[in-house]
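Peer 1:
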Amino acid sequence: DTGVSQDPRHKITKRGQNVTFRCDPISEHNRLYWYRQTLGQGPEFLTYFQNEAQLEKSRLLSDRFSAERPKGSFSTLEIQRTEQGDSAMYLCASSLLPDSYEQYFGPGTRLTVT
Amino acid sequence: AQSVTQLDSQVPVFEEAPVELRCNYSSSVSVYLFWYVQYPNQGLQLLLKYLSGSTLVKGINGFEAEFNKSQTSFHLRKPSVHISDTAEYFCAVRGIGGGADGLTFGKGTHLIIQP
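Protein chains in written order, with this note's numbering: chain G, 1 to 114; chain D, 1 to 115.
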């Protein structure tokens, strides 16, 4: 069990460009979550999947954000037309319900929009 | 909806001294409660959780927390801290039922251990 992995770890992009992040959850975990963490703040929930179904989306997830988990394994988070306000750490977590309410977090992808 | 307040943004404490990190929450439904730790350049790691039962829960690295429903608090304590405990600590809640599964986090408390 290698834990939750995220790729890339760092991304620098220019305003207006599209970016895509990948998250690989712990194998067999059926729930996958995305959070955003800005400097000096706690993580903020964005969305989560139960297998391949996206069950909840935060109002923080604007129309420029889209997440997928096509085969119920890895997930991608895409941000279109990036803005400087999108600069943040994007965290992925996974869990195995109903066995555990613990969410296991990955190391995050740090996005810098210039 | 839930909200979490961590009253102290920074807590300096001398090594081997006790520490308490405060967390208060607000929710219209019952909640599960969690404390996570984030070491520099690492992901969040669960310290402990309260789901039900005994209000005093013990976690990893010698930490414990007590759930107080009447005061809507879930303070984290350690009787003797070590330099390696220097990190950011986050309190989080999850509402029970209603289908919502995302965690709501506080802003974090930076624990600074002084030698």
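Cβ coordinates follow ideal geometry from the N, Cα and C atoms, glycine included.
In three-state DSSP terms, what is Asn18 (chain G)?
Peer 2: coil
Peer 1: Report the neighbours of His85 (chain D) on chain G: residues whose CB is nearer than 7 Å to its CB, in chain order.
Peer 2: Note that residue 85 (chain D) corresponds to Asp in the displayed sequence, not to His. Within chain G, no residue comes near Asp85 (chain D); the closest Cβ sits about 19 Å away, beyond 7 Å.
Peer 1: Interface residues of chain D around Phe105 (chain G) at Cβ under 7 Å?
Peer 2: Those are Gly43, Leu44, listed as they occur along chain D.
Peer 1: For a cutoff of 7 Å on Cβ pairs, would you count Gly72 (chain G) as touching chain D?
Peer 2: no
Peer 1: Of the choices D:Thr55, D:Gln2, D:Tyr36, D:Val13, whose alpha-carbon is the least far from that of Val81 (chain D)?
Peer 2: For the set D:Thr55, D:Gln2, D:Tyr36, D:Val13, the Cα lying nearest the Cα of Val81 (chain D) is the one of D:Val13.
Peer 1: According to DSSP, is Ser84 (chain D) part of a helix, a strand, or is it coil?
Peer 2: helix
Peer 1: Give me, in chain order, the residues of the same chain whose beta-carbon lies closer than 7 Å to that of Ile26 (chain G); leave out the 5 immediate sequence neighbours on both sides.
Peer 2: Asp1, Gly3, Val4, Ser94, Tyr104
Peer 1: Mapping the DSSP letters down to three states, classify Asp7 (chain G) as helix, strand or coil.
Peer 2: Strand, per DSSP.
Peer 1: Just checking my contact of Leu44 (chain D) with Tyr36 (chain D) at CB under 8 Å: how many whole Å lie between their CB atoms?
Peer 2: Right, the Cβ-Cβ distance comes to about 4 Å (below 8 Å), so this counts as a contact.
Peer 1: By alpha-carbon positions, which one of G:Leu111, G:Pro98, G:Thr109 ends up nearest to Arg31 (chain G)?
Peer 2: G:Pro98
Peer 1: Can you pull the chain D neighbours of Arg31 (chain G), defined as C-beta to C-beta under 8 Å?
Peer 2: Neighbours of Arg31 (chain G) on chain D, chain order: Asp101.
Peer 1: For Gly97 (chain D), count the other beta carbons within 10 Å of its own beta carbon; 16 or more makes it buried, fewer makes it exposed. Which is it?
Peer 2: exposed
Peer 1: On the DSSP letters alone, give me the boundaries of the beta strand (DSSP E) that Arg77 (chain D) sits inside.
Peer 2: 73-78
Peer 1: Which value, in whole angstroms, describes the spacing of the CA atoms of Asp79 (chain D) and Asn61 (chain D)?
Peer 2: The question names Asp, but residue 79 (chain D) is Pro in the sequence shown. Straight-line Cα distance between these residues: approximately 11 Å.
Peer 1: So, using beta-carbon positions, are Ser87 (chain G) and Leu111 (chain G) closer together than 7 Å?
Peer 2: yes
Peer 1: Compute the Euclidean distance between the alpha carbons of Glu66 (chain D) and Asp85 (chain D), then round it to the nearest angstrom.
Peer 2: Distance between the alpha carbons of Glu66 (chain D) and Asp85 (chain D): 19 Å.
Peer 1: Is the beta carbon of Arg77 (chain D) closer than 7 Å to that of Glu20 (chain D)?
Peer 2: Contact: yes.
Peer 1: Going by CA-CA distance only, name the one from G:Gly42, G:Met89, G:Ser62, G:Asp7 that's closest to Asp24 (chain G).
Peer 2: G:Asp7
Peer 1: Just curious, the beta strand (DSSP E) that Ala93 (chain G) is in, first and last residue?
Peer 2: Start and end: 88-95.
Peer 1: CB-CB under 6 Å to Gly72 (chain G), same chain, minus the five flanking residues each way: which ones, in chain order?
Peer 2: Asn51, Glu52, listed in sequence order.
Peer 1: Give me the subset of the segment 39-68 of chain G whose CB atoms are less than 9 Å from a CB atom of chain D, sorted by chain position.
Peer 2: Listed by position, the residues of the segment 39-68 of chain G near chain D (Cβ gap below 9 Å) are Gly40, Gln41, Gly42, Pro43, Glu44, Phe45, Leu46, Thr47, Tyr48, Gln50, Leu55, Glu56, Ser58.
Peer 1: Are the C-beta of Ile32 (chain D) and some C-beta of chain G separated by less than 7 Å?
Peer 2: Note that residue 32 (chain D) corresponds to Tyr in the displayed sequence, not to Ile. Closer than 7 Å to some Cβ of chain G, the Cβ of Tyr32 (chain D) qualifies, so yes.
Peer 1: Just tell me which of G:Trp34, G:Gly40, G:Gly42 has its CA closest to the CA of Gln54 (chain G).
Peer 2: G:Trp34
Peer 1: Could you work out which residues of chain G lie near Gly59 (chain D), taking near to mean beta carbons separated by less than 8 Å?
Peer 2: Listed by position along chain G, the residues whose Cβ is nearer than 8 Å to that of Gly59 (chain D) form an empty set, because the closest Cβ is around 11 Å away.
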